[in-house]
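The structure under discussion appears below in the form of structure tokens.
Protein chains: 4
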Amino acid sequence: MSSILVIYASDYGGTEKMAQAVAKGAESVEGTSVVLKKADDVNAADIQASDGVIIGTPVHMGSMDWRIKKLIDTQCSGLWMQDAMNGKVAGVFASGSGFGSAGGGVELTMLSMLNNFAELGMIIIPLPKNTPLYHKGGLQWGPYGRSADENMSPSGISEDVLKVSESHGRHIARAAALLKETPVFG
Amino acid sequence: MSSILVIYASDYGGTEKMAQAVAKGAESVEGTSVVLKKADDVNAADIQASDGVIIGTPVHMGSMDWRIKKLIDTQCSGLWMQDAMNGKVAGVFASGSGFGSAGGGVELTMLSMLNNFAELGMIIIPLPKNTPLYHKGGLQWGPYGRSADENMSPSGISEDVLKVSESHGRHIARAAALLKETPVFG
Amino acid sequence: MSSILVIYASDYGGTEKMAQAVAKGAESVEGTSVVLKKADDVNAADIQASDGVIIGTPVHMGSMDWRIKKLIDTQCSGLWMQDAMNGKVAGVFASGSGFGSAGGGVELTMLSMLNNFAELGMIIIPLPKNTPLYHKGGLQWGPYGRSADENMSPSGISEDVLKVSESHGRHIARAAALLKETPVFG
Amino acid sequence: MSSILVIYASDYGGTEKMAQAVAKGAESVEGTSVVLKKADDVNAADIQASDGVIIGTPVHMGSMDWRIKKLIDTQCSGLWMQDAMNGKVAGVFASGSGFGSAGGGVELTMLSMLNNFAELGMIIIPLPKNTPLYHKGGLQWGPYGRSADENMSPSGISEDVLKVSESHGRHIARAAALLKETPVFG
Chain A
1 MSSILVIYAS
11 DYGGTEKMAQ
21 AVAKGAESVE
31 GTSVVLKKAD
41 DVNAADIQAS
51 DGVIIGTPVH
61 MGSMDWRIKK
71 LIDTQCSGLW
81 MQDAMNGKVA
91 GVFASGSGFG
101 SAGGGVELTM
111 LSMLNNFAEL
121 GMIIIPLPKN
131 TPLYHKGGLQ
141 WGPYGRSADE
151 NMSPSGISED
161 VLKVSESHGR
171 HIARAAALLK
181 ETPVFG
Chain B
1001 MSSILVIYAS
1011 DYGGTEKMAQ
1021 AVAKGAESVE
1031 GTSVVLKKAD
1041 DVNAADIQAS
1051 DGVIIGTPVH
1061 MGSMDWRIKK
1071 LIDTQCSGLW
1081 MQDAMNGKVA
1091 GVFASGSGFG
1101 SAGGGVELTM
1111 LSMLNNFAEL
1121 GMIIIPLPKN
1131 TPLYHKGGLQ
1141 WGPYGRSADE
1151 NMSPSGISED
1161 VLKVSESHGR
1171 HIARAAALLK
1181 ETPVFG
Chain C
2001 MSSILVIYAS
2011 DYGGTEKMAQ
2021 AVAKGAESVE
2031 GTSVVLKKAD
2041 DVNAADIQAS
2051 DGVIIGTPVH
2061 MGSMDWRIKK
2071 LIDTQCSGLW
2081 MQDAMNGKVA
2091 GVFASGSGFG
2101 SAGGGVELTM
2111 LSMLNNFAEL
2121 GMIIIPLPKN
2131 TPLYHKGGLQ
2141 WGPYGRSADE
2151 NMSPSGISED
2161 VLKVSESHGR
2171 HIARAAALLK
2181 ETPVFG
Chain D
3001 MSSILVIYAS
3011 DYGGTEKMAQ
3021 AVAKGAESVE
3031 GTSVVLKKAD
3041 DVNAADIQAS
3051 DGVIIGTPVH
3061 MGSMDWRIKK
3071 LIDTQCSGLW
3081 MQDAMNGKVA
3091 GVFASGSGFG
3101 SAGGGVELTM
3111 LSMLNNFAEL
3121 GMIIIPLPKN
3131 TPLYHKGGLQ
3141 WGPYGRSADE
3151 NMSPSGISED
3161 VLKVSESHGR
3171 HIARAAALLK
3181 ETPVFG
């Protein structure tokens, strides 16, 4: 039995929908229990109790939502001090509106969340290009949901993005189960 | 007359000392007024009233302090919508303890703050290698103050780092005065 | 009189077209001379003779073309040792095909080129959101030209992207002229 | 039986020593065969034949050595097209001289190599903080060897850094063996 924690912040519900899809994908892996929580409601014990952690955020000015950052500062720092998460599994996802067709800061957003996981000694699961519908909602680091078109007219998160998110959750749950059995570090 | 806003968050006073040194350097440029404020006390009007903005943060788990991020999410997003900061000048600095001799995430920390400034259309002032004492407290993106040695034993921010910070403030105040006179964009 | 050097690598001509547009924009600024060169043909003296440098690259596996990197390693390192570029002006642009709508690594690509410029002590000019047609070919760090659609079917670089590139060249030429007159560092 | 490929570029032998230590660590894992090659000598078939790939580079102007980038552009792009590396294991290491105590660009250097691996769909192994001697030669993304002191006086790569590199090789070989048995993606 392995456990996955899906953490998110959301403004208008887009990232929340993606979080639900990630959770659904993780649950589809036999022997996996999933907890889905808003960042504000997560504490260090929740994180420590998990074999895999997935964080999702809206992109705000090229980095993660401040509520995610508050969680990392106040709850993850202690886990880092204690080396409590070594060898567990991590992944990320994000949503974003904004202009253009280049993500408006989503790469740095995902990387700064992954930086936290790397400091915690966690193994990072990317999103392979041949994941079904990747071209509709994927980035190499994880699912990315456009919530507006290039003119910032709201479009909502597409079903395609939710399918990609589900795959990501499934991948991470599989990896968490596998790596729980056999430690890599030490 | 040009005005510089120095914004910071600080846990044990190290980043605050650096912020004071940055402010002192900016003040040394004739015709410059400087405002020094904690992130919690800054609002969008403070930012918009400035010709140059410098943000400093402790490095927490490889990214900026959540109080800085809260400021960016709640105050800078609106300025971005309004294109209110185009062509003004920006810079960053950071402090960090932690292990090793590679900054423990300071690069991504600085870059995610600079990402915010780039989205605001602000011109970015780096820290040149021949700045006096650079090798004691410099990184290409701005001053970096080690607040603990490689074993995490607290050392405080050195006088050398404060000198580097002063230079950075001076550079940015000069650039702000210059770019205020002659717009680059448009 | 100030001089701008536009450097690029190109596989199928997309980045070259953008480079030509950037050069055209720079030339439109009175008193500016422009040199446009492939990375293979640039040496340290070319760079040192310039008041502003703009580098463009295709995105390859999430970072710059190896010919750009070879130029940086073999020609820029020496300029860094000599502090030869301090206070001059820099900018970047990129093209990319690939899947999805998140740039496939363009942010890290641009940032790693900007890292080189920051180490050289150069002042960085971003691309403001209210640049005309930004939403068709802009990223906060510089113009980004999609050369294929989300299914990797080649589309070529659009006229809109070329217009954005022209604006970027014009901005940087203006900044170079201004900063040449009045040194910020030292 | 699983196979690890250690790829490196080296100027003065520092990164080569680290590569040898990484290879030694990987070899210490039962059932692992290791190939150690300079970037110039590696082709796509070498990479595809491996269950885990580790790349090491000197830091040059804040990004990877151009010989590493050439390898990625010419050999990895095709593997990306073919989805040939999904679910295999990846890691990085770097050496650097330069000023200061913040790594001079090592984070972006490591991240741009990891970006390549993420695009290839490879699972990323970081370096946990409690790895013995981490504080002498570790960064969250992998071993980092200082080859000069803060004044750029050459110091060579320390024995401590080599020990950290050995641990990293061992971790990755273990992960490669484990993930070879049980696919995570698909």
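Protein chains in written order, with the numbering used here: chain A, 1 to 186; chain B, 1001 to 1186; chain C, 2001 to 2186; chain D, 3001 to 3186.
Just so you know, even glycine gets a beta-carbon here, dropped at the ideal spot from N, CA and C.
Exercise for review: Using a threshold of 8 Å, state whether the C-beta atoms of residue 1022(B) and residue 1054(B) are closer than that.
Suggested key: yes
Practice item. Please go through the same chain and pick out, in chain order, the residues whose beta-carbon is closer than 6 Å to the beta-carbon of residue 3006(D), but skip the five residues on each side of it. Key: 3019, 3022, 3023, 3036, 3054
Check your understanding: Beta-carbon separation of residue 160(A) and residue 136(A) under 8 Å?
Key -> yes
**Study point:** For residue 13(A) and residue 1078(B), the rounded distance between their alpha carbons
**Key:** 20 Å
Exercise for review: Answer yes or no: does any C-beta atom of chain A fall closer than 8 Å to that of residue 977(B)?
Suggested key: Residue 977(B) lies beyond the stretch modelled for chain B, which goes from 1001 to 1186, so this question has no answer here.
Review point. By how many angstroms is the C-alpha of residue 1174(B) removed from the C-alpha of residue 2132(C)?
Key: 29 Å
Review point. With a Cβ-Cβ cutoff of 8 Å, do residue 3068(D) and residue 3089(D) count as a contact?
Key: no
Review point. Does DSSP put residue 2001(C) in a helix, in a strand, or in coil?
Key: coil
Review point. Taking residue 1026(B) as the reference, which of 1158(B), 1186(B), 1050(B) has the closest Cα?
Key: 1050(B)
Point to revise | Inter-residue Cα distance where the pair is residue 1043(B) and residue 1170(B) | key: 24 Å
Review point. For a contact meaning CB atoms closer than 8 Å, what does residue 1062(B) contact in chain A?
Key: 112, 115, 116, 118, 119
Point to revise | Proximity to residue 95(A) [Cα-Cα], best of 141(A), 30(A), 185(A), 29(A) | key: 141(A)
Exercise for review: Could you confirm whether any beta carbon from chain A is found closer than 8 Å to the beta carbon of residue 2139(C)?
Suggested key: yes
Check your understanding: Exposed or buried, residue 3074(D), counting other C-beta atoms within 10 Å across all chains shown (16 or more means buried)?
Key -> exposed
Practice item. Tell me, please, whether the CB atom of residue 171(A) is closer than 8 Å to any CB atom in chain C? Key: no
Point to revise | Chain-ordered chain C contacts of residue 1182(B) [CB-CB under 7 Å] | key: 2178
Exercise for review: State the beta-bridge partners of residue 2024(C) as determined by DSSP.
Suggested key: Per DSSP, none; premise fails for residue 2024(C).
Check your understanding: What number of angstroms, rounded off, separates the C-alpha of residue 117(A) from the C-alpha of residue 3162(D)?
Key -> 24 Å
**Study point:** Enclosing beta strand (DSSP E) for residue 2089(C) [first to last residue]
**Key:** 2089 to 2096
Point to revise | Other residues of its chain near residue 146(A): CB distance less than 6 Å, five sequence neighbours each side excluded | key: none
Point to revise | Nearest-angstrom beta carbon gap, residue 1039(B) and residue 1008(B) [assumed within contact, 8 Å] | key: 7 Å
Point to revise | Exposure label - residue 41(A); buried when at least 16 CB within 10 Å | key: exposed
Review point. Secondary structure at residue 1109(B), three-state DSSP: helix, strand or coil?
Key: helix
Point to revise | Cβ pair residue 2057(C), residue 2113(C) closer than 8 Å | key: yes
Check your understanding: Going by the CB atoms, is the gap between residue 3062(D) and residue 3086(D) shorter than 8 Å?
Key -> no
Review point. Are the C-beta of residue 1122(B) and some C-beta of chain C separated by less than 8 Å?
Key: yes
Review point. Taking Cβ positions only, does residue 1948(C) come closer than 8 Å to chain D?
Key: Nothing in the structure corresponds to residue 1948(C), since chain C is present only between 2001 and 2186.
Review point. If we cut at 8 Å on Cβ distances, does residue 3024(D) have a partner in chain A?
Key: no
Review point. Helix, strand or coil: how does DSSP classify residue 2085(C) here?
Key: coil
Review point. With 16 other CB atoms within 10 Å as the buried threshold, where does residue 3115(D) fall?
Key: buried
Review point. In whole angstroms, what is the alpha-carbon distance linking residue 2134(C) and residue 180(A)?
Key: 47 Å
Review point. Per DSSP, what kind of secondary structure is residue 2018(C) in: helix, strand or coil?
Key: helix
Check your understanding: The beta strand (DSSP E) spanning residue 3144(D) covers which residue range?
Key -> 3142 to 3146
Review point. In whole angstroms, what separates the C-alpha of residue 3071(D) from that of residue 3081(D)?
Key: 15 Å
Review point. Beta-carbon separation of residue 1031(B) and residue 1059(B) under 8 Å?
Key: no
Point to revise | Candidates 1066(B), 1028(B), 1154(B): closest to residue 1166(B) by CA position | key: 1028(B)
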